[in-house]
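Chains A and B, in that order, are what the protein sequence lines are.
Sequence positions in the first sequence follow full-length UniProt numbering and run 1 to 256.
Sequence positions in the second sequence follow full-length UniProt numbering and run 1 to 298.
For each residue, glycine too, the CB sits at the ideal point set by N, CA and C.
Computed from a prediction, not measured in an experiment: that's the story for all the values here.
Only one structure is covered here, and it is reproduced in the block below.
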Amino acid sequence: MVHDALTGFRTLLYKEVLRFWKVGFQTVGAPVLNALLYLLIFSHVLDRHVTVYGEVAYTAFLVPGLVMMSLLQNAFANSSSSLIQSKITGNIIFVLLPPLSYREFYAAYVIASVLRGLFVGMGVLLVSLPFVDLPIAAPGWIFAFGLMGGAILGSLGVIAGIWADKFDQLAGFQNFLIMPLTMLSGVFYSIRSLPDFWQKVSHINPFFFMIDGFRYGFFGQSDVSPWLSLAVVGICFVFLAVLTLAMLARGYKLRA
Amino acid sequence: MTVPAIRITSATKRYGSLQALAGVDLEVAQGEFFGLLGPNGAGKTTLISALSGLVRPDGGTFEIMGFNVVSDYRNARRNLGVVPQELVFDPFFSVRELLRIQSGYFGIRNNDDWIDEILASLDLTAKAGANMRMLSGGMKRRVLVAQALVHRPPVIVLDEPTAGVDVELRQGLWQFIRKLNRDGHTIVLTTHYLEEAETLCGRIAMLKSGRVVALDTTENLLRRFASHALSVRLERPEAAAALGGTVTAGGWADFPLDRYEDLEPLLARLREAGVRILELRMGEADLERVFVEVMNGA
Ligand SMILES: Nc1ncnc2c1ncn2[C@@H]1O[C@H](COP(=O)(O)OP(=O)(O)OP(=O)(O)O)[C@@H](O)[C@H]1O
Ligand SMILES: [Mg+2]
Numbered sequence: 001m002v003h004d005a006l007t008g009f010r011t012l013l014y015k016e017v018l019r020f021w022k023v024g025f026q027t028v029g030a031p032v033l034n035a036l037l038y039l040l041i042f043s044h045v046l047d048r049h050v051t052v053y054g055e056v057a058y059t060a061f062l063v064p065g066l067v068m069m070s071l072l073q074n075a076f077a078n079s080s081s082s083l084i085q086s087k088i089t090g091n092i093i094f095v096l097l098p099p100l101s102y103r104e105f106y107a108a109y110v111i112a113s114v115l116r117g118l119f120v121g122m123g124v125l126l127v128s129l130p131f132v133d134l135p136i137a138a139p140g141w142i143f144a145f146g147l148m149g150g151a152i153l154g155s156l157g158v159i160a161g162i163w164a165d166k167f168d169q170l171a172g173f174q175n176f177l178i179m180p181l182t183m184l185s186g187v188f189y190s191i192r193s194l195p196d197f198w199q200k201v202s203h204i205n206p207f208f209f210m211i212d213g214f215r216y217g218f219f220g221q222s223d224v225s226p227w228l229s230l231a232v233v234g235i236c237f238v239f240l241a242v243l244t245l246a247m248l249a250r251g252y253k254l255r256a
Numbered sequence: 001m002t003v004p005a006i007r008i009t010s011a012t013k014r015y016g017s018l019q020a021l022a023g024v025d026l027e028v029a030q031g032e033f034f035g036l037l038g039p040n041g042a043g044k045t046t047l048i049s050a051l052s053g054l055v056r057p058d059g060g061t062f063e064i065m066g067f068n069v070v071s072d073y074r075n076a077r078r079n080l081g082v083v084p085q086e087l088v089f090d091p092f093f094s095v096r097e098l099l100r101i102q103s104g105y106f107g108i109r110n111n112d113d114w115i116d117e118i119l120a121s122l123d124l125t126a127k128a129g130a131n132m133r134m135l136s137g138g139m140k141r142r143v144l145v146a147q148a149l150v151h152r153p154p155v156i157v158l159d160e161p162t163a164g165v166d167v168e169l170r171q172g173l174w175q176f177i178r179k180l181n182r183d184g185h186t187i188v189l190t191t192h193y194l195e196e197a198e199t200l201c202g203r204i205a206m207l208k209s210g211r212v213v214a215l216d217t218t219e220n221l222l223r224r225f226a227s228h229a230l231s232v233r234l235e236r237p238e239a240a241a242a243l244g245g246t247v248t249a250g251g252w253a254d255f256p257l258d259r260y261e262d263l264e265p266l267l268a269r270l271r272e273a274g275v276r277i278l279e280l281r282m283g284e285a286d287l288e289r290v291f292v293e294v295m296n297g298a
């Protein structure tokens with residue numbers, strides 16, 4: 001027997017990754033196909049009529065939005081569905097009985113979510129490339145926002161998965177919070193094309209900053225400065241991490 | 001003095017208006033085979049859950065091998081293996097994968113030798129590669145036992161491990177658990193099969209409505225609570241009543257016996273009364289009778 005301090009955390013992370021990887025067809029393949037359909041339909045309808053930032057073709061503009069949207073949704077789906085399934089089937093006890101700390105627990109679920117998000121995001125990007133001429137101006141920003149977006153949605157997924165007692169509650173969380181915030185964040189449009197009032201409203205949506213900063217990485221242009229976006233996204237992540245850790249430390253709903 | 005395997009002091013837990021644990025004090029010494037008995041809803045699972053950190057108690061302290069389960073949870077949990085009452089499993093994995101993962105959670109890598117040994121002892125070797133969904137209920141329960149043992153915990157708590165396990169495998173399971181006990185593991189067992197508890201457990205606590213209502217060695221409990229009874233078939237059963245017996249069917253009469261020493265005088269009285277004994281048998285005290293008496297009295 002070999003004991004070491006990190007093994008527990010690594011095993012939980014490995015298990016969480018294996019969980020989605022084993023059914024990769026559904027957890028990675030399906031969302032990639034979905035995004036591809038969006039891309040084909042929207043670009044067919046709009047490409048010749050719309051340009052963004054002056055000269056960027058609409059399809060090219062759309063792809064980073066789709067990539068990020070898929071990344072975010074799947075990061076959320078990973079931790080939230082894993083937790084609620086474990087809670088409902090009762091096998092959550094297998095991770096509650098071992099000597100894992102709540103920080104290890106948090107880190108494992110969030111990192112697995114980030115990985116699933118990144119896999120899906122890369123998948124969407126790869127299948128889009130044949131259809132668009134996409135510049136990559138600043139890959140560092142792409143990666144930074146992908147990572148932060150995944151971590152934020154992974155944390156939200158942990159919160160939702162712990163809070164929800166039933167699948168419908170989780171679906172509610174997804175349909176009434178995650179989806180609207182994503183859809184209204186500028187995935188499908190530049191907020192500069194919006195009336196003044198709606199531009200201001202968009203600025204209180206943290207998802208807008210994730211997508212805007214992500215898009216900057218491709219085009220070197222965005223609606224707001226990527227540094228501002230990074231700051232907003234960073235603060236959001238810290239806030240959610242603290243909240244989730246506090247829930248876990250108290251054993252909220254997990255150790256009733 | 002060595003530390004107790006389990007020490008629970010003033011444990012309380014309330015679910016809404018229901019007092020699931022109403023101040024439980026319990027100490028189990030290392031190496032004991034301990035029974036935790038009680039009717040449905042007595043609080044056995046709640047007590048075990050609080051001990052293993054699955055439930056936050058309202059009050060009281062819980063220690064495993066001297067480690068507080070809250071402030072020193074890592075050490076406490078390393079020393080404890082729990083077989084849960086509910087038949088839970090992760091449908092994503094095979095038996096072996098599950099046991100490897102469970103080992104990993106406890107910080108153990110390369111645990112295959114021990115895993116093989118557990119699988120063999122629980123007659124699961126043939127199912128090592130099978131997905132959990134493919135197993136029968138009894139097999140799933142044995143996997144739960146295996147999962148509780150991956151980290152060789154000195155203290156093992158089994159919450160109704162034999163529910164739904166067939167007779168042969170039940171015997172096998174007990175043999176295995178007895179062996180673990182002989183090897184020095186402390187065993188705490190809850191079961192509704194009282195004969196099992198009687199033969200296996202050296203000491204027993206009985207719980208009712210969140211309170212310990214009896215706590216003693218199995219031997220003492222059997223002696224203290226249930227009297228033996230002498231059953232005799234008599235030529236003239238009606239004579240039994242005058243001698244303190246109760247007439248039952250078929251010419252039989254029962255005479256309560258508090259101690260074996262009372263047997264001789266009883267036989268003497270029967271002889272003096274001129275009552276001829278046709279047949280005779282001793283009714284042994286059993287745990288079921290003790291249980292019923294304790295529960296009614298408490
Ligand atoms: N999560 C919960 N919420 C509310 N009440 C609960 C909860 N868990 C247990 N109880 C209640 O606490 C009491 C003790 O339950 P517990 O499961 O500890 O009993 P038990 O002795 O294990 O019974 P059994 O022999 O049926 O397994 C019961 O009345 C039960 O209904
Ligand atoms: Mg129970």
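Item: Proximity to Trp163 of chain A [Cα-Cα], best of A:Met122, A:Leu72, A:Ile88; Value: A:Ile88
Item: Beta carbon proximity, Asp116 of chain B to chain A, threshold 7 Å; Value: no
Item: Per DSSP, cross-strand counterpart(s) of residue 347 of chain B; Value: Because chain B here runs from 1 to 298, residue 347 of chain B falls outside it and cannot be looked at.
Item: Any C-beta of chain B under 7 Å from that of Gly146 of chain A; Value: no
Item: Cβ separation of Gly76 of chain A and Ala137 of chain A, assumed to be a contact under 8 Å, to the nearest whole Å; Value: Rather than Gly, the amino acid found at residue 76 of chain A in this sequence is Phe. The Cβ separation is near 28 Å, so there is no contact.
Item: Buried or exposed (CB count within 10 angstroms, at least 16 for buried), Tyr15 of chain B; Value: exposed
Item: Alpha-carbon spacing of Thr218 of chain B relative to Val290 of chain B, whole angstroms; Value: 10 Å
Item: Buried versus exposed, by CB contacts within 10 Å (16 or more), Ala268 of chain B; Value: exposed
Item: Residue 312 of chain B and Leu184 of chain A closer than 7 Å at C-beta; Value: The requested residue 312 of chain B is not part of the displayed model; chain B covers only 1 to 298.
Item: Proximity test, Cβ basis, 7 Å: Leu13 of chain A and chain B; Value: no
Item: Whole-angstrom distance between Gly164 of chain B and Gly137 of chain B, CA atom to CA atom; Value: 7 Å
Item: Cβ neighbours of Ile108 of chain B in the same chain (closer than 8 Å, five flanking residues each side left out); Value: Val150, His151
Item: Classification of Lys22 of chain A by the beta-carbon crowding that lies within 10 angstroms, buried from 16 upward; Value: exposed
Item: For Thr61 of chain B and Thr9 of chain B, believed in contact at Cβ under 8 Å, the rounded distance; Value: 5 Å
Item: Three-state secondary structure (DSSP) of Ile162 of chain A; Value: helix
Item: Cβ shell of Ala205 of chain B (< 8 Å), same chain only, five flanking positions each side left out; Value: Leu26, Phe34, Gly35, Leu36, Leu37, Val212, Ala214, Leu215
Item: Nearest-angstrom Cα separation, counted from Asp112 of chain B out to Val2 of chain A; Value: Low confidence applies to Val2 of chain A: its pLDDT is 49, below 50, so where it sits in the model is not reliable enough to give any reading.
Item: Interface flag, Leu33 of chain A vs chain B, CB-CB below 7 Å; Value: no
Item: Proximity winner among A:Gly154, A:Leu126, A:Gln199, A:Ser81, relative to Val110 of chain A (alpha-carbon distances); Value: A:Gly154
Item: Cross-chain neighbours of Gly8 of chain A in chain B, by beta carbon under 8 Å; Value: Gly104, Tyr105, Phe106, Gly107
Item: Reduced DSSP category for residue 321 of chain A - H, G, I as helix; E, B as strand; rest coil; Value: Outside the modelled stretch of chain A, which goes from 1 to 256, sits residue 321 of chain A, for which no answer is possible.
Item: Gly184 of chain B, buried or exposed, once every other Cβ within 10 Å from all chains shown has been counted against 16; Value: exposed
Item: Beta strand (DSSP E) segment containing Gly172 of chain A, residue limits; Value: Here Gly172 of chain A belongs to no beta strand (DSSP E); instead the alpha helix (DSSP H) covers 167–173.
Item: Cβ pair Asn74 of chain A, Pro31 of chain A closer than 7 Å; Value: yes
Item: N-terminal and C-terminal residue of the beta strand (DSSP E) that Gln30 of chain B is part of; Value: Where Gln30 of chain B is concerned, there is no enclosing beta strand (DSSP E), given that its DSSP letter is neither H nor E.
Item: Any heavy atom of ligand 2 within less than 7 Å of residue CB: hits in chain order; Value: B:Lys44, B:Thr45, B:Gln85, B:Asp159, B:Glu160, B:Thr190
Item: Contact with chain B by Arg19 of chain A, beta-carbon distance below 7 Å; Value: yes
Item: Cβ neighbour criterion (16 or more within 10 Å) applied to Val63 of chain A; Value: buried
Item: Whole runs of the alpha helix (DSSP H) within the region 65–118 of chain A, excluding any shorter than 4 residues; Value: 93–96
Item: Given 8 Å, three or more beta-carbon pairs between the region 120–127 of chain A and the region 119–127 of chain B; Value: no
Item: Helix, strand or coil at Gly53 of chain B [DSSP, three-state]; Value: coil
Item: Where Tyr15 of chain B sits in the DSSP three-state scheme; Value: strand
Item: Other residues of its chain near Phe173 of chain A: CB distance less than 7 Å, five sequence neighbours each side excluded; Value: Ala160, Ala164
Item: Cross-chain neighbours of Glu86 of chain B in chain A, by beta carbon under 9 Å; Value: Gly90, Ile93
Item: Helix, strand or coil at Ser185 of chain A [DSSP, three-state]; Value: coil
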